[in-house]
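In order, the protein sequences belong to chains A and V.
Residues in the first sequence are numbered consecutively from 2, following my numbering.
Residues in the second sequence are numbered consecutively from 2, following my numbering.
Number of protein chains: 2
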Amino acid sequence: MSRRTIDIELGCDSLTPISSIFKRIERWKELTGKTIEFYNFDISRNYHRLLTLIKDFEPDTVVHFAEQRAAPYSMKSSYHKRYTVNNNLSGTNNLLAAIVESQLDVHTVHLGTMGVYGYQTAGLQIPEGYLKVFVETDEGQKELDIMYPPSPGSIYHMTKTQDALLFYFYNKNDGLRITDLHQGVVWGTTTEETEMDVVLVNRFDYDGDYGTVLNRFLVQAVVGHPLTVHGTGGQTRAFIHIRDMVKCIRMAIDNPPELWSRVEIFNQATETHSVRYLAQLVSEATGAEIRYFKNPRKEALENRLTVKNEKFMRLGLNPIKLESGIMNEVIQVADKYKHRCDKSRIICTSCWCNDMEVDCQGSDSEQVN
Amino acid sequence: MSRRTIDIELGCDSLTPISSIFKRIERWKELTGKTIEFYNFDISRNYHRLLTLIKDFEPDTVVHFAEQRAAPYSMKSSYHKRYTVNNNLSGTNNLLAAIVESQLDVHTVHLGTMGVYGYQTAGLQIPEGYLKVFVETDEGQKELDIMYPPSPGSIYHMTKTQDALLFYFYNKNDGLRITDLHQGVVWGTTTEETEMDVVLVNRFDYDGDYGTVLNRFLVQAVVGHPLTVHGTGGQTRAFIHIRDMVKCIRMAIDNPPELWSRVEIFNQATETHSVRYLAQLVSEATGAEIRYFKNPRKEALENRLTVKNEKFMRLGLNPIKLESGIMNEVIQVADKYKHRCDKSRIICTSCWCNDMEVDCQGSDSEQVN
Chain A
2 MSRRTIDIEL
12 GCDSLTPISS
22 IFKRIERWKE
32 LTGKTIEFYN
42 FDISRNYHRL
52 LTLIKDFEPD
62 TVVHFAEQRA
72 APYSMKSSYH
82 KRYTVNNNLS
92 GTNNLLAAIV
102 ESQLDVHTVH
112 LGTMGVYGYQ
122 TAGLQIPEGY
132 LKVFVETDEG
142 QKELDIMYPP
152 SPGSIYHMTK
162 TQDALLFYFY
172 NKNDGLRITD
182 LHQGVVWGTT
192 TEETEMDVVL
202 VNRFDYDGDY
212 GTVLNRFLVQ
222 AVVGHPLTVH
232 GTGGQTRAFI
242 HIRDMVKCIR
252 MAIDNPPELW
262 SRVEIFNQAT
272 ETHSVRYLAQ
282 LVSEATGAEI
292 RYFKNPRKEA
302 LENRLTVKNE
312 KFMRLGLNPI
322 KLESGIMNEV
332 IQVADKYKHR
342 CDKSRIICTS
352 CWCNDMEVDC
362 QGSDSEQVN
Chain V
2 MSRRTIDIEL
12 GCDSLTPISS
22 IFKRIERWKE
32 LTGKTIEFYN
42 FDISRNYHRL
52 LTLIKDFEPD
62 TVVHFAEQRA
72 APYSMKSSYH
82 KRYTVNNNLS
92 GTNNLLAAIV
102 ESQLDVHTVH
112 LGTMGVYGYQ
122 TAGLQIPEGY
132 LKVFVETDEG
142 QKELDIMYPP
152 SPGSIYHMTK
162 TQDALLFYFY
172 NKNDGLRITD
182 LHQGVVWGTT
192 TEETEMDVVL
202 VNRFDYDGDY
212 GTVLNRFLVQ
222 AVVGHPLTVH
232 GTGGQTRAFI
242 HIRDMVKCIR
252 MAIDNPPELW
262 SRVEIFNQAT
272 ETHSVRYLAQ
282 LVSEATGAEI
292 RYFKNPRKEA
302 LENRLTVKNE
312 KFMRLGLNPI
322 KLESGIMNEV
332 IQVADKYKHR
342 CDKSRIICTS
352 CWCNDMEVDC
362 QGSDSEQVN
């Protein structure tokens with residue numbers, strides 16, 4: 002629940018009013034009769050508590066979400082860089098070391114990111130984790146099947162590429178079953194489960210650090226703020242709807258890799274779009290104005306991106322696409338809670354390197370175009 | 002000085018009697034008139050002390066040796082895995098984050114390892130850090146210059162491959178100047194400087210965790226212990242003499258990469274040999290018996306290895322080779338201090354994964370051949 006603590010640090014709050022974890026679990030029990038057991042501790046700092054829990058609980062699968070998950074947050078300052086590295090790497094390493102020490106056969110499902118690939122991929126369809134390459138050797142050209150060369154664009158993304166090396170090693174040395182989900186940007190707000198009761202409503206982040214691009218645009222439109230595009234908006238990203246995300250995690254749990262086979266990697270994304278296209282889509286649907294800001298990130302102005310996701314498609318995923326009209330659901334949720342929106346938190350104030358400090362410090366007025 | 006603390010943990014000691022750091026610095030001052038300033042703190046835990054030191058000292062170069070450096074030690078237990086990951090990654094990240102925060106132009110020279118390449122390299126001459134590969138794209142075959150695909154064989158080696166991602170990111174995002182030295186196995190004991198006085202003598206590790214293979218064989222021969230070869234001895238590794246290692250670090254300091262050019266990577270190794278060949282060489286020189294033990298490591302029984310080191314050769318390195326007879330110097334040092342040798346520490350007791358526990362637990366008698 003570090004995310005709630007970070008709200009306090011940032012002076013932010015979820016657009017939707019989220020209840021305490023205890024109320025949520027209680028309501029879930031009332032509605033479904035099912036009990037979710039809950040233990041609250043920091044896996045990056047309490048190795049032995051984690052080990053004891055794994056030994057006692059004997060899980061088939063651990064779904065590992067316990068990482069600091071925002072790129073802009075990871076770049077706010079030296080403190081945030083160090084927190085992200087220490088928290089994410091110690092947490093993942095503690096989990097894997099504990100599974101080895103428990104001597105149990107536990108499948109780890111880890112939430113990764115499409116960002117591990119970087120976006121230096123012109124003309125290349127992004128494969129699912131591994132890349133076939135050819136190298137020149139003394140004996141002629143040789144084919145190698147390598148982990149996709151990582152190119153992280155933030156400290157947060159970097160920790161995910163370092164996680165991949167933890168997975169590679171524990172899989173190879175100890176035979177751990179591991180599935181890494183390279184997830185795109187999530188949009189949408191509700192699932193069947195969260196719609197059952199207002200107490201079960203999801204977080205909805207719209208701030209410059211944790212809000213993801215499409216959800217942010219929709220909130221901006223609803224509260225009458227211009228849509229904030231960084232750079233030219235030519236950055237192309239992969240997306241997935243929140244309901245598909247939940248289905249994919251279920252599919253990953255139900256389909257663990259064979260023992261002693263390599264780390265399984267799925268691309269958990271269903272479509273790719275440029276930020277500019279998303280802004281236009283939201284602008285057309287809502288009449289919102291689009292405004293261009295200097296980009297605080299070090300990245301290409303424009304990129305193309307095509308992503309393979311055959312594995313989940315083969316397992317029966319039937320993706321919810323942006324064009325399906327379900328975008329209205331997000332607008333409705335945003336509209337319902339717009340009185341909770343703090344407009345001063347909309348702009349990203351995280352500067353990614355020293356030479357940008359002058360350019361991007363929360364300057365509402367500064368525009369590229 | 003964590004290495005001295007680890008001696009206490011392992012019940013080991015350097016074969017050579019090393020003086021306290023204070024005595025060493027004092028003697029150096031008496032001999033040369035030069036003062037080495039010394040500050041003792043843990044960079045993985047004292048970020049602000051490190052930052053303050055960098056700001057006050059304004060170094061041109063930081064030579065970063067502050068990592069747990071033994072593969073067998075990193076594999077001894079869950080505790081040792083976690084210590085190695087936390088210490089090495091937090092330390093390196095703290096250093097880089099501090100340099101960025103200081104806003105100074107500091108060149109980082111990092112001691113890496115040839116082990117980041119892994120040894121899955123049949124037929125491939127190991128380049129200096131980067132590998133030219135070809136990939137199939139929609140627009141035909143495309144050439145990419147990628148970081149050499151890492152294949153770490155231990156937790157220790159894994160942290161060095163994760164360091165490489167830290168270097169990649171801070172170099173790309175913040176323009177830090179970084180040189181990573183992919184060092185082979187060091188042999189030899191003395192340098193011109195350490196020979197000036199007995200108080201300046203180097204550590205000489207011969208134990209199963211920290212002793213490197215050639216030095217260990219020489220001590221074993223001198224104390225009448227059989228040479229301990231793990232597996233078939235077909236493992237081929239890259240080597241460098243300690244005096245060349247010191248020269249290479251000096252060359253790296255004197256030749257920082259251009260500002261905003263990519264991370265500079267040198268292969269700091271001068272020859273490659275199989276463990277079996279080294280054992281034969283020492284056996285011939287000393288009459289020692291060779292004994293084969295089950296290998297506690299998960300690795301190929303036999304491998305070939307050819308390593309490029311053109312960059313240091315171009316800078317004028319004139320390598321000391323094994324055949325040069327300088328091996329006798331090591332034998333002399335080992336012989337001088339052999340009364341200090343604890344034979345019970347010679348065997349490696351670190352088991353690298355659960356299914357090996359029965360096979361390798363310090364079993365002096367168990368042999369492969």
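For glycine and all other residues, C-beta sits at the position ideal for the given N, C-alpha and C.
- Of the residues N87/V, K143/V, K248/V, V264/V, the one whose Cα lies closest to the Cα of L318/V is K248/V.
- Along the region 253-334 of chain V, the beta strand (DSSP E) occurs as fully enclosed runs of 3 or more residues at 265-269, 272-275, 291-294, listed in sequence order.
- In its chain, beyond the 5 residues on either side, H111, G113, G130, D164, A165, F168, V264, E265, I266, F267 have a beta carbon closer than 8 Å to the beta carbon of D181/V.
- Under the three-state reduction of DSSP, G141/A is assigned to strand.
- For K161/V, no Cβ of chain A is located within less than 7 Å of the residue's own Cβ.
- The C-beta separation of G189/A from M115/A comes to about 17 Å, leaving the pair out of contact by the 8 Å criterion.
- A distance below 7 Å separates the beta carbons of N89/A and T160/A.
- Taking 4 residues as the shortest admissible run, the region 9-54 of chain V contains the following complete alpha helix (DSSP H) segments, listed from N- to C-terminal end: 22-33.
- About 37 Å separates the CB atoms of V200/V and R315/V; that is not less than 8 Å, and the two are not in contact.
- Residues of chain V whose Cβ lies closer than 8 Å to the Cβ of D175/A are, in chain order, C354, N355.
- Counting every other CB atom within 10 Å of its CB across the protein chains shown gives D139/A a total below 16, marking it as exposed.
- With respect to the 7 Å criterion, V276/V and V220/V are not classified as neighbours on the basis of their beta carbons.
- Contact note: L132/V reaches chain A through V136, using a C-beta cutoff of 7 Å and chain order.
- Pairwise C-beta distances place the region 332-344 of chain V in contact with the region 14-22 of chain V, as three or more of them are shorter than 8 Å.
- Check the Cα spacing between L54/A and each of G34/A, K82/A, E102/A, E31/A: the tightest is with E102/A.
- About 6 Å separates the beta carbons of I22/V and F39/V, which is inside the 8 Å limit, making them a contact pair.
- Residue Q236/A holds the alpha-carbon nearest to the alpha-carbon of T273/A among Q236/A, R341/A, I347/A.
- Beta-bridge partners assigned by DSSP to G113/V: H183/V.
- One alpha carbon belongs to V134/V, the other to E259/V, and they sit about 25 Å apart.
- T271/A is a Cβ neighbour of P320/A, given a cutoff of 7 Å.
- M246/V carries a helical assignment under DSSP once its states are collapsed to helix, strand and coil.
- Excluding residues up to 5 positions away in sequence, S75, M76, K82, T85, V86 lie with their Cβ nearer than 7 Å to the Cβ of I156/V in the same chain.
- Chain-ordered, the chain A residues with CB closer than 7 Å to the CB of Q104/V read N355.
- Rounded to whole angstroms, H242/V and F313/A show a C-alpha spacing of 52 Å.
- Those residues of the region 73-85 of chain A placed with their C-beta closer than 7 Å to a C-beta in chain V are S79, K82, R83, ordered along the chain.
- In terms of Cα proximity to I254/V, the closest of Q126/V, E285/V, Y80/V, R178/V is R178/V.
- In chain order, V186 place their CB closer than 6 Å to the CB of R238/V, counting only its own chain and leaving out the 5 sequence neighbours on each side.
- Rounded to the nearest angstrom, the gap between the Cα atoms of R46/A and Q69/A is 14 Å.
- Under the Cβ criterion of 7 Å, S91/A is counted among the residues facing chain V.
- Under the Cβ criterion of 7 Å, N310/V is not counted among the residues facing chain A.
- Residue pairing for F135/A: DSSP places it in a beta bridge opposite E144/A, F135/V.
- Within chain V, S79, K82, R83 have C-beta atoms less than 8 Å from the C-beta of A98/A, given in sequence order.
- V101/A reaches chain V at S79, K82, C354, N355, counting residues in chain order whose Cβ is nearer than 9 Å.
- Against N95/V, the close residues of chain A are R83, in the order they occur along the chain (beta-carbon pairs closer than 8 Å).
- Residue-level contact check: P60/V does not touch chain A, since none of the beta carbons of chain A fall below 7 Å from its beta carbon.
- Look at F66/A here: in three-state DSSP terms it is coil, with no helix or strand label.
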